[in-house]
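Here the structure comes first, spelled out in structure tokens, and everything after it is commentary.
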DNA sequence: CTCTAACCTGAACATGAACTCCGGTTCCGA
DNA sequence: TCGGAACCGGAGTTCATGTTCAGGTTAGAG
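Residue numbers (our numbering), protein chains in the order written: chain Y, 16 to 202; chain D, 16 to 202.
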């Protein structure tokens, strides 16, 4: 889909990168609400060039999102290295959410009601899910996460936090409430 | 905004209701992604008629959302009647979220990045916030919610849950995790 | 250096959806 | 019953944005 890295003329390869860079920045800022003309201008190219490299807007967005997910997988892999199960979990959780905060396109992909969901695509292209599952299991086994905590709950939590990223940065408090529970002493 | 109930010709009042009914149903189903033509057809009217009653799509949506918020305020008022502070809180929370689940337009209004936020408009038109604040305070005072729980946290929680309403009905689990916390025994 | 396939440009086009407009219709007071 | 103000219908207008393509430019093999 984004593949043809080899056998591109030098200028073509250069322009392709420029498009990706411009699109990444703009999508990250304003999510889906960016015009192709705008991306072209930012990249210092004509619109036609965008379409030489990407079939349509959707494909361009997919390329950007794909990159983010690869970065996300790398992050997860790194988090899994931690000896302490809880540290691994926290690193993954906050790393994931900080990326989401910095990138509206990423949030858009994860929160949007797309069909088929990006989550599914990711499951087929990266092993992010598998790594996450392992990290979660370790934290559960160490007694740091409740017994019935599943990898699906990680998705639940992150979606919840991401929904609180517009406006003030309330998502950290949301995560804190989740970690500690909202109950009081008399519960 | 939605005001002129009196001094409308009989057919006009009837049609106005038809428009509101059709719009409410469609918006509830598919949120913002509904065409004016579609609403007109569903109401058995021409598009022109929609525009006779509402300045634009935004105004129509606002009227619908406004109604939902009034219903929400009534719900909150009813919940506040409960003698048990916790029962009041739970009634409000689940009532609110069940409404959100049934109405995509409502979710759209609450989750969207609109400017100014619907939340602000609501604060000026209804006393939903005040009632919620009272319910929250009672639950805190009774020791059923953590001491530092604020009304803002109610918003945080509901936004989080609403973000998990697409696809499977995972929002109930999200709320449960929030209520109990995700920590394990060794935390 | 030359030649051509690959590449680039951006004005023009296509599409879709909000909104307008005015001839025709309906309500309702007198 | 009648007159006219209020109202309605829906084809047509406008505007925004994604996409194309004919014509000019450039990389790079020979």
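Note that CB positions come from ideal geometry on N, CA and C, so glycine has one too.
In this text, all values refer to a predicted model and were calculated from it rather than measured experimentally.
- When the five nearest sequence neighbours on each side are left out, the beta carbons in the same chain lying within less than 8 Å of the beta carbon of residue 36 of chain Y are those of 58, in order along the chain.
- Residue 200 of chain D is positioned such that its CB atom lies no closer than 7 Å to that of residue 153 of chain D.
- Below the 9 Å Cβ cutoff, chain D contributes 196, 197, 198, 202 as neighbours of residue 194 of chain Y, in chain order.
- Scanning chain D for C-beta atoms nearer than 7 Å to the C-beta of residue 62 of chain Y yields nothing, as the closest lies near 26 Å away.
- The beta-bridge partner set that DSSP reports for residue 160 of chain D consists of Y:198.
- Here residue 149 of chain D has 95 as same chain residues with Cβ atoms under 8 Å from its own Cβ, once five neighbours each way along the sequence are excluded.
- Less than 7 Å divides the Cβ of residue 43 of chain Y from the Cβ of residue 119 of chain Y.
- Comparing alpha-carbon positions, the option among Y:90, Y:114, Y:115 lying closest to residue 103 of chain Y turns out to be Y:90.
- Sequence-distant partners of residue 54 of chain Y (beyond 5 residues in either direction) whose C-beta falls short of 8 Å from its own C-beta, in its chain, are 34, 37, 38, 41, 65, 75.
- Within the segment 33-113 of chain Y, the alpha helix (DSSP H) runs of at least 4 residues that lie entirely inside it are, in chain order, 51-58, 62-68, 72-95.
- One thing to note: residue 171 of chain D has its Cβ no nearer than 7 Å to the Cβ of residue 182 of chain Y.
- If you ignore the 5 residues before and after residue 85 of chain D, its C-beta comes within less than 8 Å of the C-beta of 141, all in its own chain and listed in chain order.
- At a cut-off of 7 Å, the C-beta of residue 160 of chain Y has a neighbouring C-beta in chain D.
- One thing to note: residue 79 of chain Y has its Cβ no nearer than 7 Å to the Cβ of residue 193 of chain D.
- Contact check for residue 112 of chain D against residue 178 of chain D fails: the beta carbons are separated by 7 Å or more.
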